[in-house]
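Position in the sequence shown (first residue = 1) + 1143 = this note's numbering.
Ideal Cβ positions, reconstructed from N, Cα and C, are used throughout, including at glycine.
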Amino acid sequence: MTISDELIKALVKRAPQLGLSNIDPVILSDAGNLIVHLSPYPIVARIAKLFDGDNSTFWKNVLLQELKVVEYLERHKVPVISLVKDVSPGPHKIDSTWMTLWEYIAPVELPPLESQEAISMLNVLSKALKSYEGPMQVLGAWKNVNQAAEYLTKREDKDERILVLLEEYEKVYKDIRRLELFPAHGDAHPNNLIPSSQGWKWIDFEDVSLMLKFWDLASFIGNTCLFQGLKHPTVTHVLNLEDVVADKSTFIFILKARVIMSVTTNLALALEGNGDLDFAFSQLHLFDSFITSIEDL
């Protein structure tokens, strides 16, 4: 039985204790978190998938912060997925981990976001986060990178591509703690915007933390740069933003750090058997050419 199978079994047992009887769990996503629609209720459970060595109390606190941030953003009219209203959103203990409860959004089709509209949504989010006065982790979005790099370093079967990745990681790691930090979503990539009948909404705030300048902007275009290149319209739009042009060297450094984070953590998770190996190696395959291209900017 997989971790996800065990969590679904625990969810069916836990739901009636929250007043949610006879649920028919429908898995919407199964990655770092298990996302489940508690049909027939308009409720989605987001269950943290913890592994050996993960600190359950730490993750409970991460989820508590996420709920507080989302409540704050909703009060400030930022388009975010809402917490449930009829039952407590959590975090709720489930087996050896925690879950939070969210409003279910029925699938809808919306026209793709234009570059300017997407960046405008990111700016609205960033502006609201700057005035958030609650506590935030320092470099929270970066929290798993060092462990992932250590794992890759210890592997005896690493090829030249992994050696290049680790070399670039070391360069970034030396400087990343010296820069000024700002409140950030932490993982503001396009897949964390989902369509709803009220328009596009932000999701996934577990990485909200104090991060480097431009972090969310770099997160939004990181994989696009990697897979589609620097000529992609959204990438071009970002590179021509006034703030980016005025401080291009910092932006390039942050973009490099963000892509290194993604490639390193995805590869380590996949090699440990907890991620998508094909996707991780597709990122790794493109990494060297990405580094060359941004250094030529």
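Setting aside the 5 residues that flank it on each side, W1241 is surrounded in the same chain by I1190, A1191, S1199, W1202, K1203, L1206, G1233, P1234, H1235, each with a C-beta closer than 8 Å to its C-beta; the list follows chain order.
Here the region 1280–1292 lies against the region 1351–1358, with 3 or more beta-carbon pairs under 8 Å apart. Our two residues, P1326 and V1351, have alpha carbons roughly 7 Å apart in a direct line. Just measuring C-alpha positions, the residue of L1384, E1438, S1340, L1216 sitting nearest I1262 is L1384. Per DSSP, G1365 is one residue of the alpha helix (DSSP H) stretching across 1358–1371. Remark: three or more beta-carbon pairs, one from each stretch, lie closer than 8 Å, so the region 1406–1416 and the region 1290–1297 are flagged as touching. Going by DSSP, D1167 is part of the beta strand (DSSP E) stretching over 1167–1173.
Rounded to the nearest angstrom, the gap between the Cα atoms of S1436 and K1211 is 40 Å. Counted as a single uninterrupted DSSP element, the beta strand (DSSP E) harbouring I1186 occupies residues 1186–1191. Note that the region 1169–1185 does not touch the region 1255–1272; fewer than 3 beta-carbon pairs, one per stretch, sit closer than 8 Å. Rounded to whole angstroms, the Cβ separation of H1328 and F1348 is 7 Å, and the two are in contact under 8 Å. Given a length threshold of 4 residues, each whole run of the alpha helix (DSSP H) inside the region 1278–1317 is given here in chain order: 1288–1297. For W1343, the pairing in a beta bridge is given by DSSP as P1338. Note on geometry: alpha-carbon atoms of P1254 and S1339 lie some 11 Å from one another. The C-beta distance from T1407 to V1288 rounds to 6 Å, short enough to fall under 8 Å. According to DSSP, residue pairing for I1237 in a beta bridge involves T1240. According to the DSSP assignment, I1262 belongs to the alpha helix (DSSP H) that extends over 1258–1273. The beta carbon of P1185 sits closer than 6 Å to those of Y1247, all from its chain and outside the five residues before and after it, given in chain order. In the three-state scheme derived from DSSP, where H, G and I count as helix and E and B as strand, E1246 is classed as strand. Distance check between V1187 and each of P1333, V1221, L1369, I1151 places I1151 closest, using alpha-carbon atoms only. If you compare the alpha carbons of E1310, D1318, G1196, F1363 with that of N1335, the shortest gap goes to F1363.
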